[in-house]
Ligand SMILES: [Mg+2]
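In structure tokens:
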């Protein structure tokens with residue numbers, strides 16, 4: 327059966343398919359437990375006399391936090407009573423971030439989908455974050471070889487949901503918004519941004535956290551995708 331998202335892409339004569347990276351093509355949130363373990367180990371090294379039960383509490387609160395509303399590390403530091411800009415926080419943050427490329431996995435079905443769509447559509451990634459954090463992920467999965475355009479917000483100076491980042495992609499790809507869709511897990515950045523740019527917007531609700539709620543007058547997906555495999559029959 328053709329999915330809602332596949333139908334949208336076919337009916338609009340879409341030529342450019344853009345994907346969000348974190349929690350869309352790659353399972354960033356799935357790496358949170360092991361990254362928090364690394365943060366906890368580093369915390370016990372850099373904070374003398376840190377109580378083990380407080381550390382465990384910080385880890386479990388951070389894991390339960392909604393990373394979209396509040397960063398996990400903010401919750402971790404808040405529980406430990408560590409200032410975000412302090413020296414221990416910098417060391418803990420480094421442990422948390424350094425580990426990500428090594429432990430990151432694909433979202434189920436992502437590589438198969440990219441290989442399948444490659445050549446039939448122009449493919450892109452539009453991701454928010456600094457180069458130093460986003461490029462190692464792109465390199466790990468050789469994404470530059472699997473898609474035609476990789477747009478990192480830290481490199482173009484503008485973040486989703488600002489439509490300028492999508493306009494940057496459209497210029498690079500030499501296409502128009504009406505022939506493009508963006509697929510992502512965040513209503514606030516992916517769907518709102520695609521809406522603002524006039525592109526089709528396909529929402530891929532997150533798997534490890536409670537999805538944001540669709541509200542009247544808020545970001546408006548044109549279709550909802552439950553699994554990447556739903557696009558396999560495009
Ligand atoms: Mg995302």
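Residue numbers (my numbering): 327 to 560.
Every residue, glycine too, gets a C-beta built ideally from N, C-alpha and C.
Hey, is residue i's beta-carbon within less than 8 Å of any beta-carbon in chain D?
i	result
residue 414	In the displayed structure, chain D is absent; only one protein chain is listed.
What's the call for residue i, buried or exposed, on a 16-neighbour Cβ count within 10 Å?
i	result
residue 393	buried
residue 479	buried
residue 525	buried
residue 470	exposed
residue 412	exposed
residue 448	buried
residue 538	buried
residue 433	buried
residue 519	buried
residue 510	buried
residue 378	exposed
If you drop the 5 nearest sequence neighbours on each side, which residues of the same chain put their C-beta closer than 7 Å to that of residue i?
i	result
residue 459	423
residue 454	479, 485, 486, 515
residue 456	480
residue 419	399
residue 332	556, 557, 559, 560
Just grab the DSSP bridge partners of residue i for me.
i	result
residue 494	According to DSSP, residue 494 bridges with nothing at all.
residue 447	444
residue 478	453
residue 348	352
Starting from the C-beta of residue i, find all residues in its chain whose C-beta is less than 6 Å away, skip the five residues before and the five after it, and write them out in chain order.
i	result
residue 403	410, 415
Would you list the residues whose beta-carbon is nearer than 6 Å to any heavy atom of ligand 1, in the order they occur in the chain?
-> 346, 348, 349, 350, 510, 511, 512
Sufficient close CB pairs (3 or more, under 8 Å) joining the stretch 355-364 to the stretch 498-506 = no
Three-pair Cβ contact test at 8 Å for the stretch 337-344 versus the stretch 381-389 | no
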